[in-house]
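Going by this note's numbering, the sequence shown opens with residue 1059, and the numbers climb by one from there. Yeah, the Cβ is synthetic: ideal placement off N, Cα and C, and Gly gets one too.
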Amino acid sequence: MPEHRPVPLPRQSLSEAIGRAAAVLLYLDYDGTLVPIRSDPSQCHLPDSLAGVLQRLAERQAAPVFDLAVISGRSLGDLRRQLGAVAPHLSLAGNHGLEIASGGQIWRHPEAEARRPELDAVAELLGEQLSRWPLAWLEHKGLSLSLHSRALAPDQRQALAEQLLPVLDQIQADGLFRLRRGRMVLEIRPAIDHTKAHAVQLLERSAVARGLWEPLRFYCGDDSTDEDVFTNWPGVIGVRVGPGWQGSSAPYRLSGPAGVAQWLRLLERS
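The following block contains the structure:
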């Protein structure tokens, strides 16, 4: 984790700068950014009030025009379910950018698609390992897997990690997939050079092609995977979501989803 400590987002001055812009790319992570992280990921629905704010920003015709996107580790289908009625008004990137829905089109990374059979085999292997751990569960997201251990006690998580170590070592040694650890979740993804940073740049090119020239670029995220965007998206104004002690490559921070929601409502008035 970077040692830099982001400073609180200067909401008023940035809102004034946004008000002078012709176009704004506003791209956001989902869990931990738009909604609080919960022990049951299926219950992280976007509140109706916040969905309304996002929809009004996305439909805005007067300057500044907003291009809104949600970039998540969830699958596209799951992300749509959580977002509800506002989903069709946004661009979406699922599986950490391996699949993108924008402008009525869906794109999936061809190398990730080609590895579905091998991913299914890994899922079956891990499922067998988890048979005696009812509080841990494996989520198959089509192009990647997530092993959730949030419901386990700390000593149980440690015991599970020790049990899985030989299997995970073998998965990495095979070279088709890589592991990435998050907040009490282990991600198993195709070993492909494609991150959230690649996804936002694909979305930016699409926005520019639609006439959103020289936009301001904002990205908000709370996870280590969002650091890829802060570091590798040229010109981005990064906003790390979370407590002030966390290091980040982003210059600014908001304390949590409530702070993000408050800022979005301020943007609606810009």
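Going by C-alpha distance, which of the options is nearest residue i?
| i | options | result |
| --- | --- | --- |
| Leu1205 | Gly1185, Asp1178 and Ala1109 | Gly1185 |
| Lys1254 | Ala1211, Tyr1088 and Ala1109 | Tyr1088 |
| Arg1241 | Val1258, Gly1300, Gly1317 and Asp1125 | Gly1300 |
| Ser1133 | Leu1218, Arg1247 and Val1082 | Arg1247 |
| Val1318 | Trp1303, Gln1230, Gly1293 and Cys1278 | Cys1278 |
| Arg1215 | Glu1272, Arg1239, Phe1288 and Ala1170 | Arg1239 |
| Trp1195 | Ser1306, Pro1099, Leu1072 and Glu1326 | Pro1099 |
| Ala1127 | Ala1121, Leu1141 and Ala1120 | Leu1141 |
| Pro1309 | Val1287, Leu1092, His1154 and Gln1228 | Val1287 |
| Trp1191 | Leu1177, Glu1171, Gln1221 and Gln1119 | Gln1221 |
| Gln1187 | Glu1171, Leu1150, Arg1327 and Leu1226 | Leu1226 |
| Glu1169 | Arg1327, Val1294 and His1252 | His1252 |
| Leu1193 | Ala1211, Ser1313 and Ile1164 | Ala1211 |
| Gly1090 | Asp1281, Asn1290, Glu1326 and Gln1320 | Asp1281 |
| Gln1230 | Ser1313, Val1243, Ala1219 and Ala1249 | Ala1249 |
| Glu1326 | Gln1228, Gly1077 and Arg1166 | Gly1077 |
| His1256 | Arg1166, Leu1322 and Arg1268 | Arg1166 |
Decide if residue i is buried, meaning its Cβ has at least 16 other Cβ atoms within 10 Å, or exposed.
| i | result |
| --- | --- |
| Gly1296 | buried |
| Asp1284 | buried |
| Trp1303 | exposed |
| His1103 | exposed |
| Asp1232 | exposed |
| Val1180 | buried |
| Pro1273 | buried |
| Arg1236 | exposed |
| Asp1106 | exposed |
| Asp1125 | buried |
| Leu1223 | exposed |
| His1062 | exposed |
| Asp1136 | buried |
| Asp1178 | exposed |
| Ser1306 | buried |
| Pro1315 | buried |
| Arg1096 | exposed |
| Leu1183 | exposed |
| Pro1292 | exposed |
| Val1258 | buried |
Name, in chain order, the residues that DSSP records as bridge partners for residue i.
| i | result |
| --- | --- |
| His1198 | Leu1203 |
| Arg1275 | Leu1083 and Val1294 |
| Leu1150 | Val1128 and Ala1159 |
| Asp1089 | Val1093 |
| Trp1191 | Trp1191 pairs with nothing; no bridge assigned. |
| Glu1074 | Glu1074 pairs with nothing; no bridge assigned. |
| Leu1312 | Val1299 |
| Trp1165 | Ile1158 |
| Ile1246 | Leu1203 and Leu1237 |
| Val1123 | Ala1081 |
| Val1065 | Tyr1310 |
My guess is that residue i and residue j are in contact by the Cβ rule of under 8 Å, so how many angstroms apart are they, rounded?
| i | j | result |
| --- | --- | --- |
| Tyr1085 | Leu1270 | The Cβ separation is near 13 Å, so there is no contact. |
| Leu1201 | Glu1245 | Not quite, the Cβ-Cβ distance comes to about 11 Å (not below 8 Å), so this is no contact. |
| Leu1311 | Leu1067 | Reading off the sequence, residue 1311 comes out as Arg, not Leu. Indeed they touch by this definition, with Cβ atoms about 6 Å apart. |
| Leu1234 | Arg1173 | 6 Å |
| Pro1122 | Ala1080 | 6 Å |
| Val1144 | Ala1109 | 4 Å |
Is residue i a contact residue of the ligand MN, with contact defined as CB to any heavy atom under 8 Å?
| i | result |
| --- | --- |
| Asp1284 | The ligand content of the structure shown is nil, which means the ligand MN is not present either. |
Compare the C-beta of residue i with all C-beta atoms of chain B and state if any pair is closer than 9 Å.
| i | result |
| --- | --- |
| Glu1262 | The question asks about chain B, but that chain is absent: this structure has only one protein chain. |
Counting only runs of 4+ residues fully inside the segment 1202 to 1239, write out the alpha helix (DSSP H) ranges in chain order.
List check, alpha helix (DSSP H) in window: 1212 to 1232.
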